[in-house]
Amino acid sequence: MTSKSKLSRRSFLATVGAISAAAVVGRSGRALAGEPINFATWSAAVDTVESHIAAFEAKTGIKVNYSNSPWAQYRETMITKFIGKAPIDTLWVSDSWLPEWAEAGWILPVDQYKALVDNSDVEQFCVDSMTYKGKQYGITYYTDYMAFIYNADMLAKAGIAAPPTSWAEVVEQSRIIKDKGLTQWPVLISMAQESWLIEFMTALVYSNGGRFVDDKGNAVMQDPAHGAGTALRWLVDAVQKHKILSPSCVETGELAVLKAFSSGEHAFGLIPKYRLRTLNDPAQSKLAGNAKIALMPKGENGSNATVGWMRFYGMTPRAQADAQRAADTVKLMEWFGGKADGEYKFQKMLFKDVGSGFGQKSLFNDPEIRSAYASYGDVNLIGQQQSLARKKDVVTPWFGEWNDVNGTAWQQAIMGKVSVEQALNTSAAKWTELKKQS
Amino acid sequence: MTPSAIIRPARPNLRGALTYDERAALLFLAPLAIVLLAVAVFPILYSFYISLFSLRLTRPGRMPFVGLDNYLTVLSDPHFWQAVERTTYFSVLSVAAIVVLALLIALLLNEEFSGRRVLGALLLVPWAIPYVANALMWKWIYDSNYGALNGLLYQLDFINSYMVWLGDSAKTLPLIANAFVWKEVPLAAILLLVGLKTIPPDLHAAAKVDGANTVRRFFHITLPQLSTAFALVVVYETMMAIRHFDLFFILTEGGPGDASNVVAWRIYVETFRNLSFGTGSAMAYVLALATLALAYVIIRALARRI
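Here the protein sequences come in this chain order: B and R.
Be aware that the first sequence starts at 3, since it is given in our numbering, and climbs by one per residue.
Be aware that the second sequence starts at 15, since it is given in our numbering, and climbs by one per residue.
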């Protein structure tokens with residue numbers, strides 16, 4: 003009989019124990035650093051994001067756990083995750099939430115990571131939007147602004163040679179178009195209670211030379227000379243006096259405005275610039291080829307300024323708690339928000355995918371970008387308007403609560419329930435109350 | 015006296031107190047009880063506990079105990095009482111319409127005619143549609159720019175141009191009530207139909223012999239006999255109307271202005287948008303207690319007539 007070397011129970015257990023101990027010790031030694039980077043976004047351009055993550059993993063060997071949630075519930079979802087200490091290292095953040103999340107300590111400044119704070123090529127309003135109390139909290143994801151878009155075909159039929167350059171001209175041209183029976187409601191602006199509302203309001207306020215708050219954060223919206231009165235008065239008159247804007251604007255959301263404008267039944271609209279591609283897409287719009295961008299009309303004491311918004315990649319305390327993990331996270335953030343292999347790859351991919359804007363000024367000179375823009379818009383004008391975009395002046399930790407009251411007040415003024423002055427006084431009072439409580 | 019003579023009180027013996035069947039029943043009910051405790055009882059108690067603190071999710075680590083201050087804040091807020099007024103208007107309008115329409119449908123389905131079963135099945139369709147799908151459908155119907163309602167009225171020459179529906183604050187609540195009634199009538203009709211089926215036919219036969227016509231039989235026999243069913247429908251639909259949220263979320267988000275800013279919407283905004291769990295919970299409890307009190311009053315009032 004051949005003798006077999008028997009594996010005794012004791013030696014087997016000892017071997018397994020040694021292997022397990024080594025695994026645990028080895029693992030805990032790089033416990034956080036060795037785990038994948040957790041990257042959370044809302045559900046936009048998911049395929050594009052995934053493909054860029056795959057390229058990052060192939061290049062760096064760093065694994066990424068990618069998750070996404072619907073935009074409509076993203077803020078609440080992320081806050082729940084922050085409270086529940088879910089593992090998140092980097093995530094998309096909206097400029098509107100920066101003060102709230104920074105004050106709560108859910109995202110941290112990134113000034114110490116040089117790769118993320120090289121803003122030489124970034125639009126100023128983007129940098130301003132990522133900065134809170136003097137510290138920068140991320141690197142740009144995408145940016146856009148509120149555009150003034152007109153129906154070139156309708157203007158031509160009305161015998162109007164050029165789009166309006168002032169809000170007074172918008173009224174004049176609207177009356178001409180309406181008198182010629184071309185449309186009942188020449189102007190289309192969304193005033194429904196949704197997250198877009200503040201963008202529409204701010205574009206009107208800025209272009210009319212006004213502000214909601216001053217540089218110290220005190221309410222000036224009620225100031226007849228420098229506040230939001232001129233803008234709100236224009237809206238109220240457009241609905242009630244000139245009848246060029248439908249009273250249904252208070253129930254019409256941004257998406258409904260896009261669909262309505264693409265029907266070709268309106269002459270002028272305030273629409274996010276990235277929608278220009280959809281409006282000129284024959285597969286999606288009857289207006290294709292005739293949706294043109296013009297500089298934001300000016301108020302009497304205003305300018306061509308508009309509101310810009312941006313989203314950025316933020317970094318959590320979890321990521322910054324470990325040096326290696328922080329380094330890996332910074333690499334991922336730079337891969338997406340900065341340059342990948344020496345070029346703004348993700349920004350261009352996103353632009354090609356959904357037509358979304360970018361915060362890097364030099365991309366307006368990129369031949370591919372210029373060529374794409376030229377197929378549906380005036381790239382020089384688009385760039386010029388972006389350079390005139392400013393960040394919202396109301397983004398504070400109490401912005402959300404004030405926004406509901408302000409939106410309600412504006413709607414009530416448009417419906418004629420309260421005067422413009424009453425609406426803005428209500429809004430100002432709420433701002434002051436919340437500022438005092440903060 | 016010997017120790018054995020000392021009389022000791024009998025120890026409680028659960029095995030002896032309960033029969034085998036009773037013990038088995040408790041055992042089988044235990045999992046359900048645990049689940050109910052976890053998903054129903056605990057959240058109710060915990061939300062009351064939260065309502066005694068100033069808890070805002072955006073201020074983690076700061077949760078001072080404030081006692082009943084949150085309740086006082088809610089009850090002293092004039093916007094809350096305006097929301098109560100709108101909620102009351104919406105509920106009264108809805109419940110009245112539901113009761114009347116459900117009764118008419120139940121009376122129709124109680125008659126024998128060809129196609130009665132098909133009609134009954136069709137009338138159940140609104141009830142089968144999920145609440146959110148129902149809301150989205152009505153959002154499309156009411157849309158002022160391209161809605162089906164405007165399209166239909168325009169084609170039939172009832173209007174010369176498209177009208178503003180949800181954006182008109184005078185029409186907002188009645189339109190939302192209409193969408194709510196459309197969804198709730200089938201269930202109410204079924205409950206009333208069941209009530210109609212339980213009325214002994216001898217009562218009607220005897221009344222006919224006594225010379226009572228249809229109208230008199232309806233008011234003196236049918237309606238009194240339906241008291242219990244009415245009580246059930248009114249209580250149930252009132253509770254549903256008071257705390258209804260889906261239509262307000264999908265159709266108007268509390269607007270235009272604050273035309274549809276009802277209590278349920280305020281609770282949602284305070285809790286899930288402002289992330290103020292303390293005051294949001296307090297508001298929810300005020301609504302719950304008010305609903306409970308109202309249900310009690312309605313049941314007592316209708317019970318006296320039964």
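Think of the CB as a built atom: it goes at the ideal place given N, C-alpha and C, for glycine as much as any other residue.
Quick check on the DSSP output: the beta strand (DSSP E) that includes residue i runs from which residue to which?
i: B/V95; result: T92 to S96
i: B/A1; result: With chain B covering 3 to 440 only, the question about residue 1 of chain B has no answer from this structure.
i: R/I112; result: R/I112 -> not in any beta strand (DSSP E); alpha helix (DSSP H) instead, spanning P92 to L123.
i: B/F366; result: Note, B/F366: premise wrong, no beta strand (DSSP E); not H, not E.
So for residue i, helix, strand or coil by DSSP?
i: B/Y147; result: strand
i: R/N148; result: helix
i: R/L82; result: coil
i: R/F67; result: strand
i: R/P200; result: helix
i: B/R235; result: helix
i: B/L289; result: coil
i: B/K65; result: coil
i: R/V178; result: coil
i: B/Q386; result: helix
i: R/P266; result: As written in the sequence, residue 266 of chain R is Thr, which differs from the Pro given in the question. Helix, per DSSP.
i: B/F127; result: helix
i: R/R314; result: helix
i: B/N220; result: coil
i: B/T142; result: strand
i: R/Y34; result: helix
i: B/V215; result: strand
i: R/F172; result: coil
i: B/N427; result: helix
i: B/E37; result: coil
i: B/Y208; result: helix
i: R/F259; result: coil
i: B/G316; result: strand
i: B/S168; result: strand
i: B/G31; result: Note that B/G31 has pLDDT 44, beneath the 50 cutoff, so the model's placement of it is unreliable and the number below is only indicative. Helix at B/G31.
i: R/Y299; result: helix
Let me check one thing: in DSSP terms, what residues is residue i bridge-paired to?
i: B/W44; result: B/S71
i: B/T308; result: B/A391
i: B/A342; result: B/E345
i: B/L247; result: B/V189
i: B/K116; result: Note: B/K116 sits in no beta bridge, so no partner.
i: R/S290; result: R/R70
Exposed or buried, residue i, counting other C-beta atoms within 10 Å across all chains shown (16 or more means buried)?
i: B/G86; result: exposed
i: R/Y63; result: exposed
i: R/A1; result: Here chain R has residues from 15 to 320 only, and residue 1 of chain R is not among them.
i: B/G31; result: Reliability fails at B/G31, whose pLDDT of 44 lies under 50, so the model's placement of it is uncertain and the value that follows must be treated cautiously. Exposed, since its Cβ has fewer than 16 Cβ neighbours within 10 Å.
i: R/I264; result: buried
i: R/L142; result: Before going further, note that residue 142 of chain R is Ala rather than Leu in the sequence given. The residue in question, R/A142, is exposed, as its Cβ has fewer than 16 Cβ neighbours within 10 Å.
i: R/G129; result: exposed
i: B/V252; result: buried
i: R/M297; result: buried
i: B/D120; result: exposed
i: B/F314; result: buried
i: B/N367; result: exposed
Can you round the beta-carbon distance between residue i and residue j to whole angstroms, since I take them to be within the 8 Å contact cut?
i: B/K437; j: B/W412; result: The pair is not a contact, with the Cβ atoms about 19 Å apart (cut-off 8 Å).
i: R/D272; j: B/T410; result: 5 Å
i: B/A269; j: B/L157; result: 7 Å
i: B/T185; j: B/I179; result: 6 Å
i: B/W187; j: B/E256; result: That belief does not hold up - the Cβ atoms of B/W187 and B/E256 are roughly 17 Å apart, past 8 Å.
i: B/W169; j: B/P299; result: 5 Å
Between which two residues does the alpha helix (DSSP H) containing residue i stretch?
i: R/A255; result: S241 to I256
i: B/G402; result: F401 to I416
i: B/F84; result: Y76 to I85
i: B/P274; result: Per DSSP, B/P274 belongs to no alpha helix (DSSP H); it is in the beta strand (DSSP E), F270 to P274.
i: B/R277; result: Neither: B/R277 is in no alpha helix (DSSP H) and is coded neither H nor E.
i: B/W99; result: Element bounds for B/W99: n/a, residue is neither H nor E.
i: B/W108; result: B/W108 -> no alpha helix (DSSP H), and no H or E assigned at all.
i: R/I281; result: V277 to Y282
i: R/Y160; result: Careful: R/Y160 lies outside any alpha helix (DSSP H) and carries neither H nor E.
i: B/K261; result: E256 to F263
i: B/W187; result: No alpha helix (DSSP H) holds B/W187; DSSP gives it neither H nor E.
i: B/Q349; result: K347 to V356
i: R/V139; result: V139 to A142
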